[in-house]
Amino acid sequence: MGIDELSPHDIGLVLDAAEATSSASVRSSGAEKRGAALRGRTVINLFLEASTRTRTSFELAGKRLGADVVNIGGDTSSVTKGETLLDTVKTLEAMRTDVIVLRHSASGAAHFVAARTRASIVNAGDGAHEHPTQALLDALTLRNEKGRLEGLVVAICGDIVHSRVARSNALLLGKMGAEVRLCGPRTMMPSVPGALGKTVRAFGRLEDAVRGADAVMMLRIQKERLEGATIATLREYSRFFGLGPRVLDLAKPDAIVMHPGPVQRGVELDSLVADGPKSVILDQVAAGVAVRMAVLELVSRARDEASSNVAAKAVS
Amino acid sequence: MGIDELSPHDIGLVLDAAEATSSASVRSSGAEKRGAALRGRTVINLFLEASTRTRTSFELAGKRLGADVVNIGGDTSSVTKGETLLDTVKTLEAMRTDVIVLRHSASGAAHFVAARTRASIVNAGDGAHEHPTQALLDALTLRNEKGRLEGLVVAICGDIVHSRVARSNALLLGKMGAEVRLCGPRTMMPSVPGALGKTVRAFGRLEDAVRGADAVMMLRIQKERLEGATIATLREYSRFFGLGPRVLDLAKPDAIVMHPGPVQRGVELDSLVADGPKSVILDQVAAGVAVRMAVLELVSRARDEASSNVAAKAVS
Amino acid sequence: MGIDELSPHDIGLVLDAAEATSSASVRSSGAEKRGAALRGRTVINLFLEASTRTRTSFELAGKRLGADVVNIGGDTSSVTKGETLLDTVKTLEAMRTDVIVLRHSASGAAHFVAARTRASIVNAGDGAHEHPTQALLDALTLRNEKGRLEGLVVAICGDIVHSRVARSNALLLGKMGAEVRLCGPRTMMPSVPGALGKTVRAFGRLEDAVRGADAVMMLRIQKERLEGATIATLREYSRFFGLGPRVLDLAKPDAIVMHPGPVQRGVELDSLVADGPKSVILDQVAAGVAVRMAVLELVSRARDEASSNVAAKAVS
Numbered sequence: 010m011g012i013d014e015l016s017p018h019d020i021g022l023v024l025d026a027a028e029a030t031s032s033a034s035v036r037s038s039g040a041e042k043r044g045a046a047l048r049g050r051t052v053i054n055l056f057l058e059a060s061t062r063t064r065t066s067f068e069l070a071g072k073r074l075g076a077d078v079v080n081i082g083g084d085t086s087s088v089t090k091g092e093t094l095l096d097t098v099k100t101l102e103a104m105r106t107d108v109i110v111l112r113h114s115a116s117g118a119a120h121f122v123a124a125r126t127r128a129s130i131v132n133a134g135d136g137a138h139e140h141p142t143q144a145l146l147d148a149l150t151l152r153n154e155k156g157r158l159e160g161l162v163v164a165i166c167g168d169i170v171h172s173r174v175a176r177s178n179a180l181l182l183g184k185m186g187a188e189v190r191l192c193g194p195r196t197m198m199p200s201v202p203g204a205l206g207k208t209v210r211a212f213g214r215l216e217d218a219v220r221g222a223d224a225v226m227m228l229r230i231q232k233e234r235l236e237g238a239t240i241a242t243l244r245e246y247s248r249f250f251g252l253g254p255r256v257l258d259l260a261k262p263d264a265i266v267m268h269p270g271p272v273q274r275g276v277e278l279d280s281l282v283a284d285g286p287k288s289v290i291l292d293q294v295a296a297g298v299a300v301r302m303a304v305l306e307l308v309s310r311a312r313d314e315a316s317s318n319v320a321a322k323a324v325s
Numbered sequence: 010m011g012i013d014e015l016s017p018h019d020i021g022l023v024l025d026a027a028e029a030t031s032s033a034s035v036r037s038s039g040a041e042k043r044g045a046a047l048r049g050r051t052v053i054n055l056f057l058e059a060s061t062r063t064r065t066s067f068e069l070a071g072k073r074l075g076a077d078v079v080n081i082g083g084d085t086s087s088v089t090k091g092e093t094l095l096d097t098v099k100t101l102e103a104m105r106t107d108v109i110v111l112r113h114s115a116s117g118a119a120h121f122v123a124a125r126t127r128a129s130i131v132n133a134g135d136g137a138h139e140h141p142t143q144a145l146l147d148a149l150t151l152r153n154e155k156g157r158l159e160g161l162v163v164a165i166c167g168d169i170v171h172s173r174v175a176r177s178n179a180l181l182l183g184k185m186g187a188e189v190r191l192c193g194p195r196t197m198m199p200s201v202p203g204a205l206g207k208t209v210r211a212f213g214r215l216e217d218a219v220r221g222a223d224a225v226m227m228l229r230i231q232k233e234r235l236e237g238a239t240i241a242t243l244r245e246y247s248r249f250f251g252l253g254p255r256v257l258d259l260a261k262p263d264a265i266v267m268h269p270g271p272v273q274r275g276v277e278l279d280s281l282v283a284d285g286p287k288s289v290i291l292d293q294v295a296a297g298v299a300v301r302m303a304v305l306e307l308v309s310r311a312r313d314e315a316s317s318n319v320a321a322k323a324v325s
Numbered sequence: 010m011g012i013d014e015l016s017p018h019d020i021g022l023v024l025d026a027a028e029a030t031s032s033a034s035v036r037s038s039g040a041e042k043r044g045a046a047l048r049g050r051t052v053i054n055l056f057l058e059a060s061t062r063t064r065t066s067f068e069l070a071g072k073r074l075g076a077d078v079v080n081i082g083g084d085t086s087s088v089t090k091g092e093t094l095l096d097t098v099k100t101l102e103a104m105r106t107d108v109i110v111l112r113h114s115a116s117g118a119a120h121f122v123a124a125r126t127r128a129s130i131v132n133a134g135d136g137a138h139e140h141p142t143q144a145l146l147d148a149l150t151l152r153n154e155k156g157r158l159e160g161l162v163v164a165i166c167g168d169i170v171h172s173r174v175a176r177s178n179a180l181l182l183g184k185m186g187a188e189v190r191l192c193g194p195r196t197m198m199p200s201v202p203g204a205l206g207k208t209v210r211a212f213g214r215l216e217d218a219v220r221g222a223d224a225v226m227m228l229r230i231q232k233e234r235l236e237g238a239t240i241a242t243l244r245e246y247s248r249f250f251g252l253g254p255r256v257l258d259l260a261k262p263d264a265i266v267m268h269p270g271p272v273q274r275g276v277e278l279d280s281l282v283a284d285g286p287k288s289v290i291l292d293q294v295a296a297g298v299a300v301r302m303a304v305l306e307l308v309s310r311a312r313d314e315a316s317s318n319v320a321a322k323a324v325s
């Protein structure tokens, strides 16, 4: 659903499972790579908002675990033909679907349907609310690089207020004891940054946010989510809030640069930084498949335990 | 192809096979759920008219039987680029496709190509002609609920004349000895209802059609299939032909409410009815996967027998 | 990548492998048809230019070899959202993708990314440059029919200058010692036909190109690739450059007719020819799946050898 309802213990559990998945799949050869943990299960990617990257990551995660994976995409109207989201989900559940991975443009969509269906819902992004697997994969990448999350200083820069990635990351990092610095143009900043966690602070200048940071996380400017002229021009945005080598030098010497993708080179990130030695952008992508495999497996195991509890009760 | 060419015996056979499939997949645990009946076979969903629901149902049916399933969608022109439908189908056949599940906007499309290809064609809806697997899943749902089809009184309400669902259902129910009542605005009624079967009758008022019925089947108003103003407004339609609790009370006390989906709440069905205890809409969805698994398996078995007959002849 | 960099020996190797694949899959029954050569491997069809036919052929090839196959389609802008092609490919590579099958509208796209990624790239058509698997499947079809490629006379007719199919075929046939005759309206002919090979010659009249040929390969007129009025009307095109029975009679008595599909009947090909005894169009389609299975398998084997060499070096 969201990082909001996970405890630090839960988060650690998912990251450990993802790390195990990831190193197992590196060690094993091609022929053994495919697990059987989800053999015979059905995973449906219900993406009512386009996202090739996240959909592909979940699709590969499901297929590598042996699940039957079905994609349903396109805009809401063409998929549902006047049907409510809940009816769409209940229809998929009636087809004996185990897990529905839902991306939706409305904040709270995943919560809403999860409370009303027996299929397990995984939130793959709901409006400007949360994108929990993105925050988990970012945390896994950070932990792999730095050995820990606690005490890290992480700058998150860009369109904070419209970004579910920023929101989920700030929540997760705050819970794990990292210091979070949010930075962006005034029109793109939340009015009460502290609401995201005690360790979250706002910065108006990129230089100040980056200075001494362990990691700099640049967000994609999602033009489609901006209404009206909140930024004068992309050029102006990139001049003040794009990350180039000069600003990056203000961070710690071993700082890393992150981006959820797709990167718009020359807008949020200078190519020298995107392709530089501090960039871990592709490590984030790899961590994404591992985290999603872990999430699908944990969700399935929880389903099995729930249903065997029901069976035990029925017997006794 | 269509219900039209099936005997009552054939229909019983498919329903029995679907029931076996369905109960087998409920009993077995996840790991054993996946059968191997279609392992190594290729099923192509050639949907030249959009339908997420039916396509997903066939896709899951094929994958659960172990087949390689490939989806081809989009509108005819983008798929075929000036190619004829028959050339498209023959191309897929040449790729060693075993079963082609065809949805097409032209009545008779499935018949036309089936007569001219060696691949097995399953009709997933052809224009206003037939949608046989929908009628079979409706029959399975009815039989599960009522224990029989013979003697049942079934009201089918909505845009009868443009509906392949109504047509296939009326044909099937008539063959199985059920009484069929068709009901809808005058502009949406067939001119000779009796052509669909001896037990088929037409009604102008919803109340009359529903009175004493064992089942009420509400059709989706497919705006895209209507040309011009055959209904004044959706509001007017829903006032006279939408099913609410008051009209439903006229049916038998144990009557069930059916809908092929997607439901447009407040148009064909009041939410009180759609979510009420008499609604079996989600059971229909579950029956859909079972029926399609049975159809794919029966079609494959028929192919095997045909080819071993050919082989036997070649040897002798 | 392209036929250009393959030696005659390489080409023979692929054709032999495809022939073995093809006869193996004919012999074995359904249940055994699926190989395990690519079990646990990931193949991504990245089709940034639409092509149902080629995508389906690669998808079936991958699935029949047991690979996890993921399709990414649509136009470039919607897929990449401002991301460069190379970033898209590197993202897929980071998801541990073994093979990326790339179709792109820019000539040289496959080369460009292949030089910069560790994933194996298979060129499924790049602009007006090459479509190597199409030339290989055409060669397999020709060899199956004629027992050899050397010394054959092959006429290729249509929009030569915009056609990657013509280009790849001319290169391949030239390398294998066949005589190639290119024919089309003056505006659709390359300025230096000899650049494609020593045995390549240009013809202005279809009759002259077809006379005495062993095979006539008709190209699809791709309206979308033509800018402005390079042909007066389709009718005029078909009158002078469409193949009918009268012109076909000028070829050798045992000549065959080929077309990469989709065929536009009445434009490039008269139906009498498309459906006639000399047409091998559907054999080409069947050869396509076999060639793509062989290519995916050869590419994977090369990956394994490369990685075991790396491992051996690491150990020694």
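Protein chains in written order, with our numbering: chain L, 10 to 325; chain H, 10 to 325; chain U, 10 to 325. All C-beta atoms in this analysis are idealised placements derived from N, C-alpha and C, irrespective of residue type, glycine included.
Nearest CA to the CA of residue i: which residue from the options?
i	options	result
L:R248	L:A119, L:T100 and L:G193	L:G193
H:R62	H:V209, H:E14, H:Q143 and H:A321	H:Q143
U:Q273	U:V308, U:E154, U:V282 and U:R229	U:R229
L:L95	H:G270, H:T93 and H:P199	H:G270
L:S331	L:R301, L:M226 and L:T150	The structure shown does not extend to residue 331 of chain L, since chain L is modelled only from 10 to 325, so the question has no answer here.
H:E102	U:A295, U:N318, U:V304 and U:R312	U:A295
H:A175	H:M198, H:E216, H:G253 and H:S32	H:M198
H:T100	H:A218, H:A128 and H:I165	H:A128
Quick one: what's residue i bridged to in DSSP?
i	result
U:I81	U:L55
H:S288	H:V266
U:A164	U:R190 and U:V225
U:V108	U:V52 and U:S129
H:L22	DSSP lists no partner for H:L22.
Rounded to whole angstroms, what's the CA-CA distance from residue i to residue j? Just pull it up for me.
i	j	result
H:I109	H:S60	16 Å
L:I290	H:T106	41 Å
L:F56	L:N80	8 Å
L:R50	L:L278	40 Å
H:R195	H:G167	10 Å
U:S16	U:V23	11 Å
H:S66	U:M104	29 Å
L:F250	U:T89	22 Å
H:R244	U:L243	49 Å
L:D284	L:G297	19 Å
U:S177	U:G253	25 Å
U:H148	U:D292	This sequence places Ala at residue 148 of chain U; His is not what is there. In a straight line, the C-alpha of U:A148 is about 11 Å away from that of U:D292.
L:A40	U:D313	Bear in mind that the predicted position of L:A40 carries a pLDDT of just 42, short of 50, making it unreliable; the figure below should be weighed with that in mind. Each residue's alpha carbon lies about 11 Å from the other.
Within the same chain, show all residues whose beta-carbon is closer than 8 Å to that of residue i, passing over the 5 residues directly before and after it, in chain order.
i	result
U:G221	V162, L259, A260 and K261
H:G206	A179, L180, L182, G183, K184 and V189
Beta carbon of residue i, beta carbon of residue j: below 9 Å?
i	j	result
U:E154	U:I20	no
L:S116	L:H138	yes
U:G134	U:E14	no
L:A299	L:A27	yes
Keeping to the same chain, check which residues put their C-beta closer than 6 Å to that of residue i; ignore five residues upstream and five downstream.
i	result
H:V78	V52, E68, G71 and K72
U:A46	L74 and E306
L:G82	F56
Within a Cβ cutoff of 7 Å, which residues of the same chain sit near residue i, ignoring the five residues on either side of it in sequence?
i	result
H:I130	I109, L111, A119, V122 and A123
L:R125	L95
H:R310	none
U:R152	L24 and L158
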